[in-house]
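J.: Chains C and E, in that order, are what the protein sequence lines are.
In terms of the numbering used here, the first sequence opens at residue 5 and continues consecutively.
In terms of the numbering used here, the second sequence opens at residue 2 and continues consecutively.
Note that CB positions come from ideal geometry on N, CA and C, so glycine has one too.
Just so you know, these numbers come straight off a predicted model, no measurement behind them.
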Amino acid sequence: MEQKTVVLGVIGSDVHAVGNRILDFAFTQAGFKVINIGVLATQEEFIHSAIETNADALLVSSLYGHGEMDCRGLREKCQETGIGKIIMYVGGNLVVGKQDFESVKERFLAMGFDRVYPPGTLPDTPIEDLRNDLGMTID
Amino acid sequence: MDLTVRQMDAEEFQRQRQEVLGQWQTGKDVFFEEAVAYQKSLPKSKIFAEKLAEGKEKGITYAQPRAGVALINEHIELLRFLQDEGGADFLTSTIDSYTRQNRYTEAQAGIEESAMIGRSMLNGFPAVNHGVAACRQVVESVQVPVQVRHGTPDARLLAEITIAGGFTDYEGGGISYNIPYSKDVSIESTIKYWQYVDRLIGLYEEQGVKINREPFGPLTGTLVPPAISHAVAVIEGILAVAQGVRSLTLGYGQCGNLIQDVAALHTLPVLAEEYLVKLGLPKVMITTVFHQWMGGFPQDEAKAFGVISWGAVTAALGKASKVIVKTPHEALGIPTKEANAAGIRTTKQILTMLKDQSLPMTPELALEEDMILAETRAILDRVLELGEGDAAVGTVRAFQAGVIDVPFAPSRYNAGKILPARDTTGAIRLLDFGNIPFDETIKEFHRERIAQRGRDEDRDPSFQMVIDDIYAIGKGMLVGRPRG
Numbered sequence: 005m006e007q008k009t010v011v012l013g014v015i016g017s018d019v020h021a022v023g024n025r026i027l028d029f030a031f032t033q034a035g036f037k038v039i040n041i042g043v044l045a046t047q048e049e050f051i052h053s054a055i056e057t058n059a060d061a062l063l064v065s066s067l068y069g070h071g072e073m074d075c076r077g078l079r080e081k082c083q084e085t086g087i088g089k090i091i092m093y094v095g096g097n098l099v100v101g102k103q104d105f106e107s108v109k110e111r112f113l114a115m116g117f118d119r120v121y122p123p124g125t126l127p128d129t130p131i132e133d134l135r136n137d138l139g140m141t142i143d
Numbered sequence: 002m003d004l005t006v007r008q009m010d011a012e013e014f015q016r017q018r019q020e021v022l023g024q025w026q027t028g029k030d031v032f033f034e035e036a037v038a039y040q041k042s043l044p045k046s047k048i049f050a051e052k053l054a055e056g057k058e059k060g061i062t063y064a065q066p067r068a069g070v071a072l073i074n075e076h077i078e079l080l081r082f083l084q085d086e087g088g089a090d091f092l093t094s095t096i097d098s099y100t101r102q103n104r105y106t107e108a109q110a111g112i113e114e115s116a117m118i119g120r121s122m123l124n125g126f127p128a129v130n131h132g133v134a135a136c137r138q139v140v141e142s143v144q145v146p147v148q149v150r151h152g153t154p155d156a157r158l159l160a161e162i163t164i165a166g167g168f169t170d171y172e173g174g175g176i177s178y179n180i181p182y183s184k185d186v187s188i189e190s191t192i193k194y195w196q197y198v199d200r201l202i203g204l205y206e207e208q209g210v211k212i213n214r215e216p217f218g219p220l221t222g223t224l225v226p227p228a229i230s231h232a233v234a235v236i237e238g239i240l241a242v243a244q245g246v247r248s249l250t251l252g253y254g255q256c257g258n259l260i261q262d263v264a265a266l267h268t269l270p271v272l273a274e275e276y277l278v279k280l281g282l283p284k285v286m287i288t289t290v291f292h293q294w295m296g297g298f299p300q301d302e303a304k305a306f307g308v309i310s311w312g313a314v315t316a317a318l319g320k321a322s323k324v325i326v327k328t329p330h331e332a333l334g335i336p337t338k339e340a341n342a343a344g345i346r347t348t349k350q351i352l353t354m355l356k357d358q359s360l361p362m363t364p365e366l367a368l369e370e371d372m373i374l375a376e377t378r379a380i381l382d383r384v385l386e387l388g389e390g391d392a393a394v395g396t397v398r399a400f401q402a403g404v405i406d407v408p409f410a411p412s413r414y415n416a417g418k419i420l421p422a423r424d425t426t427g428a429i430r431l432l433d434f435g436n437i438p439f440d441e442t443i444k445e446f447h448r449e450r451i452a453q454r455g456r457d458e459d460r461d462p463s464f465q466m467v468i469d470d471i472y473a474i475g476k477g478m479l480v481g482r483p484r485g
């Protein structure tokens, strides 16, 4: 099967680098080609990297609470640049304060994300989901 | 201006000052003489350096929370709550992440949206946007000293505004607020930005105003070996004192093994004093700050209190001057004020219970202290050698060469070649030394300790061990033992 490509990054003014390194390692181990744009990543960087590498998915992390402001409009920008259907996942501490995760999830789904993950999710979960969403059957 | 450890000349400082105060409209309200007079009007009980000196004399370990929200009134309410309900000995204004990247327009949008929807959209207090008068309102609303804590590579304007605003302690440094907090900013430029901050504080000191400075100890907060954070803390201390800073609090983040953590707390001021003398710099007041667990936290609040308590025990037994407190909401991001106060109360209960106890010297503790001293000296001596005696120049070259290397750092100016892992007792060792200049004796010590863990777990040491260590705390362990 051809190798699938993901763009991985921590969005906005966020500098949390540890989880980013682990996700990079875990997705690479799982057979994906990982384009890691690192921390302090802008929406534009996600999109440019996706276009350049013909990526299959955007994996957006946000750990510092500004995720709601930083992620708005990302789906629309993808549509404007011709990659409107790209799979988009988001995960981390997405909002300020302890809020009910179901309502947080709804807000991010409404923004156009395909899947939303709470804090403490291990890499195996999104890896499994992505395999399903990309129709990668395990032989 | 060439990089040097020497004191910045007055002309260069004034030239930069014009530029810095023009970076956002609130800069125009900063007047040095007036700010000196305001600082001098503060009672002793609100001055960080004074209270730290008192605690040092009496052997007290103080507790300090982190805290910050977008709007002034809510921020004041939060700090008062932590003081009155939490019993905080010191308070903090934690600065939001947009301000940390000098994005004042975005911070302004965050303030406006917070006011509109009635909850804080920012993860901290945007002090630059609020300005000098608002900062003074914060300081005047509470009874204990307040510190600025952030993570800002270029924090010159923030320093001008908050110190004029009555804050008496300022966290950060040219290395510790660059390497863990940015991607593309050179160390040379952040050292220069922070020399400006330190020189500004030196100017206040020369007018009789005491402002304490605190390099950020824990760096990336994940598996950082003590010798690396100690080397950075000592260098930032040298850089600060060279600009006129006279009161330093050096920091260290909990690793989790009691012996290693207490050894780290004991050796940190020893090393700083040693190198200040060696470089002919003046004697200053040195205190220590211990950071409760900076890595990932368990989501369960009861388990989180367990982690908080272990940090409090270590701070008490290691006789830190103060401890920075975590909250039971840590795994989920910014805490409510109630959760924050609960973290402080938990910590203070332990600090007061253990105030008359300390960890006795044992062969294990002595060995750990000797290792940290030898490892830190190996790094610092190489830094000074690379800089031909100049700590600022040496630091830039040391990062280029990987002589200082911080694990899991986002900065591309960091080599990122070392790999830390826990030994079988949970102490942090190096699995891969990168270019850290340790001699064979030190390397053999690390290799043997990690090999022992490998034997205990029946596997070869590898990156998987490191990943297991990072996730271990969420599974109720310190050492990431293999699954199954």
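Which stretch, first to last residue, makes up the alpha helix (DSSP H) that contains C/Val-64?
T.: That residue, C/Val-64, is in no alpha helix (DSSP H); its beta strand (DSSP E) goes 61–66.
J.: Against chain E, with Cβ distances strictly below 8 Å, would C/Met-92 count as a contact?
T.: No, its Cβ sits nowhere closer than 8 Å to a Cβ of chain E.
J.: Are E/Ala-280 and E/Lys-320 close, meaning C-beta to C-beta below 8 Å?
T.: Rather than Ala, the amino acid found at residue 280 of chain E in this sequence is Leu. It is not a contact, given that the beta carbons lie outside the stated cut-off.
J.: Contact between the stretch 58–78 of chain E and the stretch 103–121 of chain E is defined here as three or more beta-carbon pairs at a separation below 8 Å; is this criterion met?
T.: Contact between the stretch 58–78 of chain E and the stretch 103–121 of chain E is present, because at least three Cβ pairs lie under 8 Å.
J.: In angstroms with no decimal places, state the Cα-to-Cα distance between E/Ala-135 and E/Gly-307.
T.: Computed Cα separation, rounded: 37 Å.
J.: Tell me which residues share the same chain as E/Val-397 and place their Cβ nearer than 6 Å to its Cβ, disregarding the 5 neighbours each side in the sequence.
T.: Excluding sequence neighbours, E/Val-397 sits near Ile-188, Glu-189.
J.: Straight-line CA distance for E/Ile-437 to E/Ile-380?
T.: Roughly 7 Å between the two C-alpha positions.
J.: Beta carbons nearer than 7 Å to chain C: which residues of the stretch 292–303 of chain E have them?
T.: Residues Gln-300.
J.: The alpha helix (DSSP H) that contains E/Val-278, what's its start and end?
T.: Taken as a continuous stretch (DSSP letters only), the alpha helix (DSSP H) holding E/Val-278 covers 259–279.
J.: So, helix, strand or coil for E/Asp-433, using DSSP?
T.: E/Asp-433: strand per DSSP, three-state reduction.
J.: Classify E/Thr-288 as helix, strand or coil using the three-state DSSP reduction.
T.: Residue state, collapsed to three classes: strand.
J.: Would you say E/Glu-376 and E/Phe-434 are within 8 Å of each other, going by their C-beta atoms?
T.: Not closer than 8 Å, so no.
J.: So E/His-330 contacts chain C; which residues on that side make the cut at Cβ distance below 7 Å?
T.: The contacting residues are Lys-102.
J.: Between E/Arg-157, E/Ala-232, E/Ala-416, which lies nearest to E/Arg-21 when the distance is taken from Cα to Cα?
T.: The amino acid at residue 21 of chain E is misidentified as Arg; the sequence shows Val. Here the closest residue by C-alpha is E/Arg-157.
J.: Quick check: what's the CA-CA separation for E/Asp-406 versus E/Arg-383?
T.: Cα to Cα, E/Asp-406 sits roughly 13 Å from E/Arg-383.
J.: What residues of chain E sit near C/Val-64, judged by a beta carbon separation below 7 Å?
T.: None at all; the shortest Cβ gap to chain E is about 16 Å.
J.: Less than 8 Å between the CB atoms is what I'm expecting for C/Leu-44 and C/Val-11, so what's the real figure, rounded?
T.: Contact flag wrong, Cβ pair sits at about 15 Å.
J.: How far does the beta strand (DSSP E) with E/Ala-213 in it extend, from its first residue to its last?
T.: Per the sequence shown, the amino acid found at residue 213 of chain E is Asn instead of Ala. 213–215 is the extent of the beta strand (DSSP E) around E/Asn-213.
J.: Just verifying my parser: in three-state terms, what is the DSSP assignment at C/Met-92?
T.: Three-state result, C/Met-92: strand.
J.: Name the residues in the stretch 16–33 of chain E whose C-beta lies less than 7 Å from a C-beta of chain C; which are they?
T.: Cβ contacts with chain C come from no residue of the stretch 16–33 of chain E.
J.: For a contact meaning CB atoms closer than 7 Å, what does C/Ser-17 contact in chain E?
T.: Going along chain E in sequence order, the residues near C/Ser-17 (Cβ under 7 Å) are Ser-98, Tyr-99, Arg-101, Gln-102, Arg-104.
J.: When you compare the CB of E/Leu-333 with every CB in chain C, is at least one pair closer than 8 Å?
T.: Output row for E/Leu-333: interface = yes.
J.: Check whether the Cβ of C/Tyr-68 lies closer than 8 Å to any Cβ atom in chain E.
T.: Chain E, which has a Cβ nearer than 8 Å to the Cβ of C/Tyr-68, makes this yes.
J.: Quickly, what does DSSP pair E/Gln-65 with across the bridge? List them, please.
T.: For E/Gln-65, which the question treats as bridged, DSSP gives the partners E/Ile-325.
J.: List the residues of chain E whose Cβ lies closer than 7 Å to the Cβ of C/Gly-97, in chain order.
T.: Contrary to the premise, residue 97 of chain C reads as Asn rather than Gly in this sequence. Neighbours of C/Asn-97 on chain E, chain order: Leu-333, Gly-334.
J.: To the nearest angstrom, how far is it from the Cα of E/Glu-51 to the Cα of C/Lys-81?
T.: Computed Cα separation, rounded: 53 Å.
J.: DSSP beta-bridge partners for C/Gly-13?
T.: DSSP output for C/Gly-13 lists C/Gly-42, C/Val-64 as bridge partner(s).
J.: Taking the C-alpha atoms as reference points, what is the distance between E/Gly-296 and E/Glu-302?
T.: Using only the alpha carbons, I get a separation of about 16 Å.
J.: Counting only Cβ pairs nearer than 9 Å, list the residues of chain C close to E/Lys-338.
T.: Within chain C, no residue comes near E/Lys-338; the closest Cβ sits about 10 Å away, beyond 9 Å.
J.: Give me the subset of the stretch 397–409 of chain E whose CB atoms are less than 8 Å from a CB atom of chain C, sorted by chain position.
T.: Under the 8 Å Cβ criterion, the stretch 397–409 of chain E contributes Phe-409.
J.: Smallest Cα separation from E/Asp-90: which of E/Val-139, E/Ala-108, E/Pro-146, E/Ala-116?
T.: The shortest Cα separation from E/Asp-90 among E/Val-139, E/Ala-108, E/Pro-146, E/Ala-116 belongs to E/Pro-146.
J.: Jot down the residue ranges of each uninterrupted alpha helix (DSSP H) in the stretch 108–154 of chain E, minimum 4 residues, whole runs only, in chain order.
T.: Qualifying alpha helix (DSSP H) stretches, in chain order: 128–131, 133–142.
J.: Count the other CB atoms, across all protein chains shown, that sit within 10 Å of the CB of E/Asp-3; report buried if there are 16 or more and exposed otherwise.
T.: Classification of E/Asp-3: exposed, given that the 10 Å Cβ count is below 16.
J.: Do the CB positions of E/Gly-167 and E/Arg-137 come within less than 8 Å of each other?
T.: Going by C-beta atoms, E/Gly-167 is nearer than 8 Å to E/Arg-137.
J.: Span of the beta strand (DSSP E) holding E/Gly-525?
T.: No answer is possible for residue 525 of chain E: it lies beyond the span of chain E, which begins at 2 and ends at 485.
J.: Would you list, in chain order, the members of the stretch 356–388 of chain E that have their beta-carbon closer than 8 Å to a beta-carbon of chain C?
T.: Result list empty, no residue passes.
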